[in-house]
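Student:
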Amino acid sequence: MNKYVSIAAALLVFLVGKCFITIMQFKSGASARLNKKPGDKVAVSVMLGSGGHSTELVKMIDALSFKRYTPRLWLIHTGDTLSTNKVVELENFKQTSATLDWTDSGYYAINYLHRLRQVGEGYLNLPMNFFICLIQCLSLAILPPADISSPTSTRSNSVTDAPTPQLGELLIMNGPSTCIPLITAVWIAKLIGIPHPKMVYIESWTRIENLSLTAKIVKPLVDTFVTQWKEDDSVDAWLI
Numbered sequence: 189m190n191k192y193v194s195i196a197a198a199l200l201v202f203l204v205g206k207c208f209i210t211i212m213q214f215k216s217g218a219s220a221r222l223n224k225k226p227g228d229k230v231a232v233s234v235m236l237g238s239g240g241h242s243t244e245l246v247k248m249i250d251a252l253s254f255k256r257y258t259p260r261l262w263l264i265h266t267g268d269t270l271s272t273n274k275v276v277e278l279e280n281f282k283q284t285s286a287t288l289d290w291t292d293s294g295y296y297a298i299n300y301l302h303r304l305r306q307v308g309e310g311y312l313n314l315p316m317n318f319f320i321c322l323i324q325c326l327s328l329a330i331l332p333p334a335d336i337s338s339p340t341s342t343r344s345n346s347v348t349d350a351p352t353p354q355l356g357e358l359l360i361m362n363g364p365s366t367c368i369p370l371i372t373a374v375w376i377a378k379l380i381g382i383p384h385p386k387m388v389y390i391e392s393w394t395r396i397e398n399l400s401l402t403a404k405i406v407k408p409l410v411d412t413f414v415t416q417w418k419e420d421d422s423v424d425a426w427l428i
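Mapping the sequence shown onto the working numbering, position 36 (from 1) lands on 224, and the numbers just tick up by one.
Given below as structure tokens:
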């Protein structure tokens with residue numbers, strides 16, 4: 189009996205220590221930096237909201253070098269055909285432009301996540317919706333990535349072949365409440381020592397006086413928080 193108690197106590201001490209070190213590294217800002225050389229490829233995932241949120245973020249992602257930021261994983265709410273069409277249109281345009289320049293635009297995939305709340309839906313189903321979405325996000329944050337450069341290819345589960353999670357090395361978000369279970373999943377991966385992406389949250393362009401509820405919740409949890417104006421000294425960056 190004492191043996192099991194000792195093992196449990198040692199495990200608890202390890203987990204508490206791991207959590208403390210992770211939180212201290214996060215607060216120091218060390219976790220916000222990508223150890224990349226100029227020109228190195230960056231695996232990126234993008235969480236799109238609906239309607240205006242999607243339009244805003246797609247326009248911002250359009251400014252990135254698709255040759256460098258590849259592969260790209262687009263995260264979209266189930267049933268959001270408008271956002272899907274925007275992504276496909278952008279990817280096709282980038283591929284056409286790259287072909288004309290004798291380059292390539294890399295690879296991309298689309299993954300659908302359960303929506304936390306439908307428009308006009310009450311809060312009764314929110315806990316169940318959160319749980320469903322969290323499970324989906326955990327599969328992306330913890331499981332090794334698939335090789336999306338070929339629809340039929342597979343990747344080994346070894347550490348050398350799968351150094352990053354499916355969410356890649358950089359996660360960019362703006363707006364939707366689905367960011368909350370997504371960030372929760374990344375933090376779970378972070379606390380248990382699994383490779384995880386750097387998280388960047390960009391507040392909606394329409395928020396020029398105050399933060400949205402989602403932004404207020406996720407602000408202390410992401411590596412970089414960006415808003416469209418200088419709200420206060422705690423904001424990491426702002427756009428004008």
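By construction, the Cβ of each residue, glycine as well, lies at the ideal position given by its N, Cα and C atoms.
(1) What's the C-alpha gap between residue 380 and residue 289?
(2) To which residues of the same chain is residue 279 closer than 6 Å at the C-beta, ignoring the five residues directly before and after it?
(3) Decide if residue 316 is buried, meaning its Cβ has at least 16 other Cβ atoms within 10 Å, or exposed.
(4) Can you give the Cα-Cα distance for residue 293 and residue 239, rounded to whole angstroms?
(5) Touching or not, the segment 384-397 and the segment 266-276, by the rule of three or more beta carbon pairs under 8 Å?
(6) Excluding five sequence neighbours on each side, which residues of the same chain lie with their C-beta closer than 8 Å to the C-beta of residue 358?
(7) Measuring straight from C-alpha to C-alpha, what distance separates residue 415 and residue 331?
(8) What span of residues does the alpha helix (DSSP H) with residue 382 cover, start to end?
(9) Quick test of your reading: residue 373 and residue 322, contact by CB under 8 Å. State the CB separation rounded to the nearest angstrom.
(10) With distances taken between CB atoms, is the gap from residue 304 to residue 366 smaller than 9 Å?
(11) If distances are taken between C-alpha atoms only, which option among 354, 399 and 405 comes closest to residue 329?
(12) Would you grab the beta carbon distance between residue 405 and residue 368 for me? Rounded to a whole angstrom, and I think it's under 8 Å.
(13) Out of 254, 401 and 301, which one is the CA nearest neighbour of residue 324?
(14) What separation, rounded to the nearest whole angstrom, lies between the Cα atoms of residue 286 and residue 375?
(15) Taking 8 Å as the line, does the beta carbon of residue 245 fall inside it for any heavy atom of the ligand COA?
(16) From 401, 226 and 249, pick the residue whose C-alpha is nearest to that of residue 235; which is it?
(17) Can you tell me the Cα-Cα spacing of residue 275 and residue 243, whole angstroms?
(18) Hey, how far is the Cα of residue 254 from the Cα of residue 312?
(19) CA-CA distance, residue 410 and residue 402?
Tutor: With the structure as the only source:
(1) 43 Å
(2) 296
(3) exposed
(4) 25 Å
(5) no
(6) Here the set comprises 222, 230, 231, 232, 233, 257, 385, 386 and 388.
(7) 31 Å
(8) It is not in any alpha helix (DSSP H) - residue 382 carries neither H nor E in the DSSP assignment.
(9) Right, the Cβ-Cβ distance comes to about 6 Å (below 8 Å), so this counts as a contact.
(10) For residue 304 and residue 366, yes; Cβs fall inside 9 Å.
(11) 354
(12) 6 Å
(13) 301
(14) Distance between the alpha carbons of residue 286 and residue 375 is about 36 Å.
(15) With respect to the ligand COA, the structure offers nothing, as it holds no ligand at all.
(16) Residue 235 has its Cα closest to that of 249, out of 401, 226 and 249.
(17) Their Cα atoms are separated by approximately 10 Å.
(18) 41 Å
(19) 12 Å
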